[in-house]
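S.K.: Chain order of the listed sequences is A and D. This note's numbering puts the first residue of the first sequence at 834, with every later residue one more than the last. This note's numbering puts the first residue of the second sequence at 834, with every later residue one more than the last. Note that the Cβ used here is the ideal one computed from N, Cα and C, for glycine as well. Quick one: structure below, then a few questions.
Protein chains: 2
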Amino acid sequence: MEHHSILSNIAKHISLDQSETDYFISLLKTKNVRKKEFLLQAGQPCIVINYVHAGVLRSFYKDNNADEVTIMFAVADWWITDMPCFINQNSAMTSIEAIDDSTVFQLTKEDLDILYARVPKFERFFRILMQNSYIREQLRILQNLSLSAEERYAKFLEKYPAIALQLTQKQIASYLGITPEFLSTIRKKISKGLIS
Amino acid sequence: MEHHSILSNIAKHISLDQSETDYFISLLKTKNVRKKEFLLQAGQPCIVINYVHAGVLRSFYKDNNADEVTIMFAVADWWITDMPCFINQNSAMTSIEAIDDSTVFQLTKEDLDILYARVPKFERFFRILMQNSYIREQLRILQNLSLSAEERYAKFLEKYPAIALQLTQKQIASYLGITPEFLSTIRKKISKGLIS
Chain A
834 MEHHSILSNI AKHISLDQSE TDYFISLLKT KNVRKKEFLL QAGQPCIVIN YVHAGVLRSF
894 YKDNNADEVT IMFAVADWWI TDMPCFINQN SAMTSIEAID DSTVFQLTKE DLDILYARVP
954 KFERFFRILM QNSYIREQLR ILQNLSLSAE ERYAKFLEKY PAIALQLTQK QIASYLGITP
1014 EFLSTIRKKI SKGLIS
Chain D
834 MEHHSILSNI AKHISLDQSE TDYFISLLKT KNVRKKEFLL QAGQPCIVIN YVHAGVLRSF
894 YKDNNADEVT IMFAVADWWI TDMPCFINQN SAMTSIEAID DSTVFQLTKE DLDILYARVP
954 KFERFFRILM QNSYIREQLR ILQNLSLSAE ERYAKFLEKY PAIALQLTQK QIASYLGITP
1014 EFLSTIRKKI SKGLIS
């Protein structure tokens, strides 16, 4: 059953009856993206929120020096979009690329608003999703302030155990806010047992 | 009517009938904090979310060097807490101090959970509040990456026009992520008309 994963994700926080389930599924559009393809590019309209059914994606921002800053990675069972632009229906500020072949289920902002009106319990689901997203960002800000680069790398491995091997040094470094060279130094220290 | 402000804040997103209004108000506890007093101190249990009825508050984090990093300012009609710790009912990582004599209405996590169950439309209200908080943090991260310190100071003045005069140079600098000395240089340039 193709939608089993997203329904389990929803069921973590709310219970749907059969007609609500059918209606919710009817709003989803499946999209496949190949490795290195873009799901969203900065400057394009950001009209959907994506649930990752399979694969790995990365959202990033290009700063004034054209350096890429990784905002987040999304693995299977995560949700990803450019939230400020999705909610305000602006052009995207960030891009989302597939790091591996991926399949996502997409929900447009328009359909999400209809969903809230027809099945109000989705307000609870997205309240918890938004709350978790906000908390994740707050903790990341505090960790950036309080932890050393080594400790942040350890937290990263804890948070994304399955994907660390699929990412380039540059991608991980741009998430941690350090240079690839510095990450390389940390990894060498770990491999020599200098950091546990 | 003491609760007019918070009810107007709620009414931006949901409509309550009289009994729902009375019930909501019955859950609120009023707290007054004098200038320089703490509403929350790092290490204490974080059990309430606060609506600012009057005054100005600041939440901050002390990093490893004991430098204070300002997370946010909250003026009248804003909500403030240490969200990760409030939701997970952990000890606070951040502190909240009154920058001026302030009055807040407090709602405990326990009462908020009961409120969601009894008046589910509050799920919508807090979904939008969490969504706005998440978007605000995302935009702040992107602005820190993309704007110069001068531009970030201009955005700060736009966002908090009423309180800029009540804050010390150190407090504003710690929000902008720059040194007080650098902020002083920016302000001098502005006063000389070198930055508009």
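1) Could you pull the DSSP bridge partners for A/M905 from this structure?
2) Are the C-beta of A/Y894 and some C-beta of chain D separated by less than 8 angstroms?
3) Under 8 angstroms between the Cβ atoms of A/T993 and A/V937?
4) Suppose you measure from the CA of A/G888 to the CA of A/A995; what does that come to, to the nearest Å?
5) Using 7 angstroms as the cut-off, classify the Cβ of A/Q877 as near or not near the heavy atoms of the ligand PLP, replying yes or no.
6) Hey, how far is the Cα of D/E956 from the Cα of A/Y967?
7) So which residues of chain A does D/F857 contact, with C-beta pairs closer than 7 angstroms?
8) Can A/L890 and A/I847 be called in contact, C-beta distance under 8 angstroms?
9) Cα separation between A/I961 and A/N842?
10) Can we say the region 904-924 of chain A touches the region 874-882 of chain A, given the rule of at least three CB pairs closer than 8 angstroms?
11) On the CB-based measure, 16 or more other CB atoms within 10 Å of its CB, does A/E943 come out buried or exposed?
12) Taking only the alpha-carbon atoms, compute the straight-line gap between D/K845 and A/T1012 and give it to the nearest angstrom.
13) Would you say the region 870-878 of chain A touches the region 850-861 of chain A, given that touching needs at least three Cβ pairs under 8 angstroms?
14) Using the beta-carbon count (16 or more within 10 Å), is D/E991 buried or exposed?
15) Excluding the 5 residues flanking D/K1021 on each side, which residues of the same chain have their C-beta closer than 6 angstroms to its C-beta?
16) Nearest-angstrom Cα distance between A/P878 and D/P953?
17) Can you tell me whether DSSP reads D/Q971 as helix, strand or coil?
18) Going by C-alpha distance, which of A/N923, A/L1000, A/L978 is nearest D/A899?
19) Going by the beta-carbon positions, is the gap between D/S1017 and D/Q1002 smaller than 8 angstroms?
20) So which residues of chain A does D/I968 contact, with C-beta pairs closer than 7 angstroms?
21) Once the 5 residues before and after D/D933 are set aside, which same chain residues still bring their CB inside 7 angstroms of it?
22) Closer than 7 angstroms by beta-carbon distance: list the chain D residues that pair up with A/E956, in chain order.
23) Assuming A/Q1004 is part of the alpha helix (DSSP H), what are its boundary residues?
24) Hey, A/T927 and A/I904: beta-carbon distance below 8 angstroms or not?
25) Of the choices A/K864, A/S892, A/E835, whose alpha-carbon is the least far from that of A/S1007?
26) Excluding five sequence neighbours on each side, which residues of the same chain lie with their C-beta closer than 6 angstroms to the C-beta of A/A997?
27) Relative to the alpha-carbon of A/L948, which residue among A/H886, A/A987, A/A931, A/S852 has its alpha-carbon at the smallest distance?
M.R.: Here's the rundown:
1) Counted from its first residue, the first sequence places residue 905 of chain A at position 72. A/M905 pairs with A/S892.
2) Taking the first sequence and counting its residues from 1, one reaches residue 894 of chain A at position 61. It does: the Cβ of A/Y894 has a partner Cβ on chain D nearer than 8 angstroms.
3) Position 160 of the first sequence, counting from 1, holds the residue named residue 993 of chain A. Position 104 of the first sequence, counting from 1, holds the residue named residue 937 of chain A. A quick correction: the sequence has Tyr, not Thr, at residue 993 of chain A. Taking 8 angstroms as the Cβ cut-off, A/Y993 and A/V937 do not qualify as a contacting pair.
4) To locate residue 888 of chain A, count along the first sequence from 1; it is residue 55. To locate residue 995 of chain A, count along the first sequence from 1; it is residue 162. Cα-Cα distance, rounded: 11 angstroms.
5) Absence of the ligand PLP is noted for the structure shown, with no ligands found whatsoever.
6) Locating residue 956 of chain D in the second sequence gives position 123, counting from the first residue. Locating residue 967 of chain A in the first sequence gives position 134, counting from the first residue. In a straight line, the C-alpha of D/E956 is about 16 angstroms away from that of A/Y967.
7) For the purposes of this step, residue 857 of chain D is taken as the residue at position 24 of the second sequence. Correct list: empty, because the minimum Cβ distance to chain A is about 17 angstroms.
8) Here residue 890 of chain A corresponds to residue number 57 of the first sequence, with the count starting at 1. Here residue 847 of chain A corresponds to residue number 14 of the first sequence, with the count starting at 1. Against a cut-off of 8 angstroms, the Cβ pair of A/I847 and A/L890 comes out as no contact.
9) Position 128 of the first sequence, counting from 1, holds the residue named residue 961 of chain A. Position 9 of the first sequence, counting from 1, holds the residue named residue 842 of chain A. Rounded to the nearest angstrom, the two C-alpha atoms are 12 angstroms apart.
10) yes
11) On the first sequence, residue 943 of chain A is found 110 positions in, with the first residue counted as 1. Exposed is the call here.
12) Residue mapping note: residue 845 of chain D aligns to position 12 of the second sequence, counting from 1. Residue mapping note: residue 1012 of chain A aligns to position 179 of the first sequence, counting from 1. Spanning the two alpha carbons is a distance of roughly 44 angstroms.
13) no
14) On the second sequence, position 158 is the one that residue 991 of chain D refers to. By the neighbour-count rule (16 or more Cβ atoms within 10 Å), D/E991 is not buried but exposed.
15) Taking the first residue of the second sequence as 1, we reach residue 1021 of chain D at position 188. Correct list: empty, nothing qualifies.
16) Translated into positions along the first sequence, residue 878 of chain A becomes position 45. Translated into positions along the second sequence, residue 953 of chain D becomes position 120. For A/P878 and D/P953, the distance between alpha carbons rounds to 32 angstroms.
17) For this step, residue 971 of chain D is matched to residue 138 along the second sequence. Correct three-state label for D/Q971: helix.
18) Mapped onto the second sequence, residue 899 of chain D falls at position 66. Comparing Cα-Cα distances from D/A899 to each of A/N923, A/L1000, A/L978, the minimum goes to A/L978.
19) As a position in the second sequence, residue 1017 of chain D is number 184, starting the count at 1. As a position in the second sequence, residue 1002 of chain D is number 169, starting the count at 1. It is a contact, given that the beta carbons lie within the stated cut-off.
20) The residue labelled residue 968 of chain D in the question sits at position 135 within the second sequence. In chain order: M916, P917, I920.
21) Within the second sequence, residue 933 of chain D is the residue found at index 100, counting from 1. So the qualifying residues of the chain are K868, G888, V889, Q999.
22) Here residue 956 of chain A refers to the residue found at position 123 of the first sequence. Within 7 angstroms Cβ-Cβ: E956, R957, R960.
23) Sequence index remark: in the first sequence, residue 1004 of chain A carries index 171 (1-based). Element bounds for A/Q1004: 1002-1009.
24) Position 94 of the first sequence, counted from the start, is the residue given in the question as residue 927 of chain A. Position 71 of the first sequence, counted from the start, is the residue given in the question as residue 904 of chain A. Yes; because the gap between Cβ atoms is below 8 angstroms, this pair is in contact.
25) Here the question's residue 1007 of chain A lines up with position 174 in the first sequence. Nearest option by C-alpha distance: A/S892.
26) The count along the first sequence starts at 1 and reaches residue 997 of chain A at position 164. Closer than 6 angstroms at Cβ, skipping near neighbours: L990.
27) On the first sequence, position 115 is the one that residue 948 of chain A refers to. Looking at the Cα atoms, A/S852 is the closest of the given residues.
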